[in-house]
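A.B. asks: In the UniProt record's numbering, the protein residues as written are 1 to 248.
#1: Skipping 5 residues on each side, what residues in its chain have a beta carbon closer than 7 Å to that of residue 61?
#2: Under 8 Å, do residue 92 and residue 147 count as touching if we go by C-beta distance?
#3: Mind reading off the beta-carbon distance from residue 96 to residue 48? Whole number of angstroms is fine, and I expect it under 8 Å.
#4: Is DSSP giving residue 38 helix, strand or coil here?
#5: From the DSSP secondary-structure annotation, give me the bridge partner or partners of residue 29.
#6: Which runs of the alpha helix (DSSP H) at least 4 residues long sit entirely within the region 154-188? Give them in chain order.
#7: Which one of 54, 59, 80 and 50 has the shortest CA to CA distance from residue 66?
#8: Could you give the distance in angstroms between the alpha-carbon of residue 194 and the alpha-carbon of residue 215?
#9: Since I believe residue 191 is in contact with residue 183 (beta carbons under 8 Å), could you give me their beta-carbon distance rounded to a whole number of angstroms?
#10: Can you tell me the Cα-Cα spacing of residue 142 and residue 159, whole angstroms?
#11: Tell me where the alpha helix (DSSP H) around residue 47 begins and ends.
#12: In its own chain, which residues sit with a C-beta less than 7 Å from the C-beta of residue 133, not counting the 5 before and 5 after it?
#13: Decide if residue 169 is buried, meaning its Cβ has at least 16 other Cβ atoms within 10 Å, or exposed.
#14: Could you tell me whether the region 53-60 touches the region 69-89, using the rule of 3 or more Cβ pairs below 8 Å?
#15: Under a three-way DSSP split, which group does residue 54 fall into?
#16: Is DSSP giving residue 201 helix, strand or coil here?
#17: Buried or exposed for residue 210, please, with buried defined as at least 16 other CB atoms from any protein chain shown within 10 angstroms of its CB.
#18: Please determine, among 126, 128 and 110, the residue with the shortest C-alpha to C-alpha distance to residue 120.
#19: Which residues does DSSP pair with residue 113 in a beta bridge?
#20: In whole angstroms, what separates the C-alpha of residue 253 from that of residue 219?
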């Protein structure tokens with residue numbers, strides 16, 4: 001038995017992370033089952049959605065917890081992750097801030113698998129996007145710029161374009177992105193392109209040469225070099241590893 005498995009077997013209850021994240025006021029934490037229903041959450045989520053106690057969320061889906069279009073969007077996102085078994089990494093989106101107002105956040109979600117690699121749920125967190133020393137108008141402009149980057153993560157969008165969209169200098173933009181992601185603005189754009197390439201390798205049968213072009217690389221050699229450096233596998237090996245994992 002692996003050390004982690006042995007520890008989990010000794011716990012009186014396995015989902016202790018909700019208690020840990022109760023003390024992180026700018027972060028929502030949750031675990032959901034294969035139907036998208038909450039099986040664990042932190043107190044922050046309960047308070048922001050008006051439920052008061054996190055236990056009241058158990059068994060509900062996102063569209064029963066969040067209001068209107070926001071709830072429907074989150075539920076649809078959950079369903080897509082559960083159906084595709086793909087991760088969500090640092091997605092910029094709206095959620096509820098304290099007091100019920102909508103505000104920007106970064107969201108991470110990971111599918112949960114059983115021993116046969118069947119998706120049995122997901123785990124995730126959303127962290128408020130409020131860069132230090134940023135005024136509300138600046139935060140909104142920066143959020144719009146990052147959304148543009150997420151919509152078109154190819155070579156046509158440059159750091160200078162993002163800075164102009166955010167009404168910041170390139171230096172200011174770089175500092176804001178470093179504070180949020182621990183990456184330079186250029187590294188952030190590269191990460192978006194590699195994330196897009198990873199999804200295309202998993203979900204499509206496009207030739208690797210075409211994926212390289214779709215993600216803004218001039219040729220397959222440059223794409224393969226950078227993908228291998230960041231992912232640890234060549235694009236071809238990565239595609240094969242993903243296909244193998246889902247056959248198991």
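Every residue, glycine too, gets a C-beta built ideally from N, C-alpha and C.
C.D. replies: So, from the data block:
#1: 36, 37 and 75
#2: Yes.
#3: 5 Å between Cβ atoms; contact.
#4: Strand, per DSSP.
#5: Residue 29 pairs with 125.
#6: Segments of the alpha helix (DSSP H) lying fully in the region 154-188: 159-166 and 170-181.
#7: 50
#8: 8 Å
#9: About 7 Å; that satisfies the 8 Å criterion.
#10: 12 Å
#11: 43-48
#12: The pLDDT assigned to residue 133 is 49, lower than 50, so where the model puts this residue is not dependable; a value taken from the coordinates is nonetheless given after this. Same-chain partners within the cutoff: there are none.
#13: exposed
#14: Short answer: they don't touch.
#15: The answer is helix: DSSP assigns residue 54 an H, G or I state.
#16: helix
#17: Counting Cβ neighbours within 10 Å, residue 210 comes out exposed, since fewer than 16 surround it.
#18: 110
#19: 119
#20: Past the boundaries of the shown model lies residue 253; the chain is included only from 1 to 248, so the question cannot be answered.
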